[in-house]
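Trainee: So the sequence lines, in the order shown, correspond to chains A and B. Using numbering that gives the first Met the number 0, you'd call the opening residue of the first sequence number 0 and step up by one each time. Using numbering that gives the first Met the number 0, you'd call the opening residue of the second sequence number 0 and step up by one each time. Yeah, the Cβ is synthetic: ideal placement off N, Cα and C, and Gly gets one too. These numbers come from a predicted model, not from an experiment.
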Amino acid sequence: MLSGLFVPNTFDYMIAGYVVLSVVLTIYIASIARRWKKAVAEYHLYQEEK
Amino acid sequence: MLEKPRLLTFLDILSGLMILIAAGLVFFYAPVEQLMGQVQKVFYFHVATAWVGMLGFMVAGVAGVQYLRTEQEKWDIAGLGAVEISLVFFMVAIILGSIWARPIWNTWWTWDPRLTTAAIVELIYAAYLLLRSGLDDPGKRARFSAIYAIFGFFSVPLTFISIRLLRTIHPVVIGSAEAASQGGFNMDAPMRTAFFFSLAAFSVFFADLLWHRIRLGKLQSKVNLLRIESYEKES
Numbered sequence: 000m001l002s003g004l005f006v007p008n009t010f011d012y013m014i015a016g017y018v019v020l021s022v023v024l025t026i027y028i029a030s031i032a033r034r035w036k037k038a039v040a041e042y043h044l045y046q047e048e049k
Numbered sequence: 000m001l002e003k004p005r006l007l008t009f010l011d012i013l014s015g016l017m018i019l020i021a022a023g024l025v026f027f028y029a030p031v032e033q034l035m036g037q038v039q040k041v042f043y044f045h046v047a048t049a050w051v052g053m054l055g056f057m058v059a060g061v062a063g064v065q066y067l068r069t070e071q072e073k074w075d076i077a078g079l080g081a082v083e084i085s086l087v088f089f090m091v092a093i094i095l096g097s098i099w100a101r102p103i104w105n106t107w108w109t110w111d112p113r114l115t116t117a118a119i120v121e122l123i124y125a126a127y128l129l130l131r132s133g134l135d136d137p138g139k140r141a142r143f144s145a146i147y148a149i150f151g152f153f154s155v156p157l158t159f160i161s162i163r164l165l166r167t168i169h170p171v172v173i174g175s176a177e178a179a180s181q182g183g184f185n186m187d188a189p190m191r192t193a194f195f196f197s198l199a200a201f202s203v204f205f206a207d208l209l210w211h212r213i214r215l216g217k218l219q220s221k222v223n224l225l226r227i228e229s230y231e232k233e234s
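See the structure below:
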């Protein structure tokens with residue numbers, strides 16, 4: 000019961016961890032989407048040239 | 000080639016749902032660990048991202064073997080995709096570990112065997128991408144990358160077993176812990192549920208991302224061929 004009263008407040012660290020995780024993974028997914036879009040545009044361009 | 004397979008759309012939805020459920024289990028089902036407080040909840044995704052990192056490096060090694068056997072470009076594309084994804088996830092695992100360590104070990108970083116070997120693994124695979132970018136000949140690039148990925152993988156089990164063989168402050172949550180470890184804890188049933196579900200969710204997410212990355216690699220390869228054809232026509 001006493002241990003429950005003295006749980007350290009490490010909430011900010013937890014939030015920081017999940018913010019880092021979300022931001023990095025979002026950037027990576029966005030980079031795949033952006034590269035895909037660019038490749039599709041180039042693909043259509045060269046197909047038209049053909 | 001450009002049309003998205005239905006199974007991939009299904010995998011997108013499944014992985015998104017599983018990650019959301021895993022987050023729900025972590026935040027609302029698993030209890031707050033009494034000695035470390037809320038920061039312990041970083042553990043679930045810290046281990047899951049590290050697992051995906053190691054899984055991807057293993058996939059790259061297997062793809063390397065397959066490339067050397069068959070010399071098919073798809074294995075080179077798969078190897079590159081696996082390394083790229085794993086580098087991102089492994090980096091996240093290292094950062095999450097550092098954030099967890101700050102209130103528990105009172106430092107962001109220490110040259111502990113686990114942390115050191117993890118940093119070495121990350122650098123080895125970052126060098127893989129540098130090596131690739133330095134080679135112009137596609138065949139040579141794929142061969143060197145395959146060999147590099149196979150040998151590079153030897154560093155991964157070393158990281159995994161480092162906390163089980165060497166004296167370290169990094170906790171071993173599953174299996175016997177080193178006496179000097181700090182931040183270890185016993186998982187109760189809700190914690191175990193959140194932990195194993197997170198591992199499963201991130202494994203599905205990895206498969207989903209890898210599929211997307213392979214599709215991208217194949218399309219980029221096709222575009223490169225079309226570009227070469229276009230230049231040859233012009234000249």
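Helix, strand or coil: how does DSSP classify A/Met0 here?
Mentor: Low confidence applies here, because A/Met0 scores a pLDDT of 47, under 50, leaving its location unreliable; read the following figure in that light. In this structure, A/Met0 counts as coil in the three-state DSSP scheme.
Trainee: So what does B/Glu32 bridge to, in DSSP terms?
Mentor: B/Gly36
Trainee: Hey, is the stretch 111-118 of chain B in contact with the stretch 163-173 of chain B, meaning 3+ C-beta pairs nearer than 8 Å?
Mentor: At 8 Å Cβ cutoff, the stretches touch.
Trainee: In the structure shown, what three-state DSSP assignment does A/Val22 receive?
Mentor: helix
Trainee: Just to confirm before moving on: does the CB-CB distance between B/Val145 and B/Leu24 stay below 8 Å?
Mentor: Position check: residue 145 of chain B holds Ala in this sequence, whereas Val was assumed. No, the Cβ-Cβ distance between B/Ala145 and B/Leu24 is not below 8 Å.
Trainee: Assign A/Met0 to one of two classes, buried (16 or more other C-beta atoms within 10 Å of its C-beta) or exposed (fewer than that).
Mentor: Residue placement at A/Met0 is poorly supported in this model, since its pLDDT is 47, which falls under 50; the coordinates still yield a value, given next. Exposed.
Trainee: Tell me the DSSP secondary structure of A/Val6 in three-state form.
Mentor: coil
Trainee: With B/Glu233 as the anchor, note down where its alpha helix (DSSP H) starts and where it stops.
Mentor: 188-233 is the span of the alpha helix (DSSP H), which, as asked, contains B/Glu233.
Trainee: Is it a yes or a no for the stretch 42-62 of chain B touching the stretch 26-34 of chain A, going by three-plus beta-carbon pairs under 8 Å?
Mentor: Contact between the stretch 42-62 of chain B and the stretch 26-34 of chain A is absent, because fewer than three Cβ pairs lie under 8 Å.
Trainee: Please list the residues of the stretch 22-42 of chain A that have a C-beta atom closer than 8 Å to any C-beta atom in chain B, keeping them in chain order.
Mentor: Val23, Leu24, Tyr27, Ile28, Ile31, Arg34, Trp35, Ala38, Val39, Glu41, Tyr42
Trainee: Straight-line CA distance for A/Ile26 to B/Val87?
Mentor: 10 Å
Trainee: Anyone know if the C-beta pair for B/Val82 and B/Phe56 falls short of 8 Å?
Mentor: yes
Trainee: Within the 8 Å Cβ cut-off, does B/His211 reach chain A?
Mentor: yes
Trainee: Evaluate contact between the stretch 137-151 of chain B and the stretch 69-78 of chain B, counting only Cβ atoms and requiring at least three cross-stretch pairs below 8 Å.
Mentor: Counting Cβ pairs under 8 Å, three or more are found: they touch.
Trainee: Using the C-alpha atoms, what's the distance from B/Gly216 back to A/Val6?
Mentor: 49 Å
Trainee: Is the Cβ-Cβ distance between B/Phe201 and B/Thr48 less than 8 Å?
Mentor: yes
Trainee: When we look at the beta-carbon of B/Gly78 and count the other beta-carbons within 10 Å, is it buried (16 or more) or exposed?
Mentor: buried
Trainee: Going by Cα to Cα distance, which pick from B/Leu95, B/Val120, B/Trp107, B/Ile103 is closest to B/Leu158?
Mentor: As written in the sequence, residue 158 of chain B is Thr, which differs from the Leu given in the question. It is B/Val120 whose Cα lies nearest to the Cα of B/Thr158.
Trainee: Please decide whether A/Glu47 counts as near chain B, where near means a Cβ-Cβ distance under 8 Å.
Mentor: no
Trainee: Does the separation of the CB atoms of B/Met247 and B/Phe194 fall below 8 Å?
Mentor: Coverage of chain B is limited to positions 0 through 234, which leaves residue 247 of chain B absent and any answer about it impossible.
Trainee: Helix, strand or coil for B/Thr109 per DSSP?
Mentor: It is coil, neither helix nor strand.
Trainee: Whole-angstrom Cβ separation of A/Tyr42 and B/Leu218, contact assumed at under 8 Å?
Mentor: That belief holds up - the Cβ atoms of A/Tyr42 and B/Leu218 are roughly 6 Å apart, short of 8 Å.
Trainee: Buried or exposed: where does B/Ala1 fall if 16 or more other Cβ atoms within 10 Å of its Cβ makes it buried?
Mentor: According to the sequence provided, residue 1 of chain B is Leu. The question's Ala does not apply to it. By the 10 Å Cβ count, B/Leu1 comes out exposed.
Trainee: Using beta-carbon positions only, say whether B/Ala117 and B/Ile93 come within less than 8 Å of one another.
Mentor: yes
Trainee: How would you label B/Ser234, buried or exposed, when you count the other beta carbons within 10 angstroms and need 16 or more for buried?
Mentor: Exposed, because fewer than 16 other Cβ atoms sit within 10 Å of the Cβ of B/Ser234.
Trainee: Rounded to the nearest angstrom, what separates B/Trp108 and B/Met53 at their Cα positions?
Mentor: 21 Å
Trainee: Answer with buried or exposed for B/Asp207, where buried requires no fewer than 16 other C-beta atoms within 10 angstroms of its C-beta.
Mentor: buried
Trainee: Check the Cβ of B/Arg142 against every Cβ in chain A and list those closer than 9 Å, keeping chain order.
Mentor: Neighbours of B/Arg142 on chain A: none; closest Cβ ~24 Å, over 9 Å.
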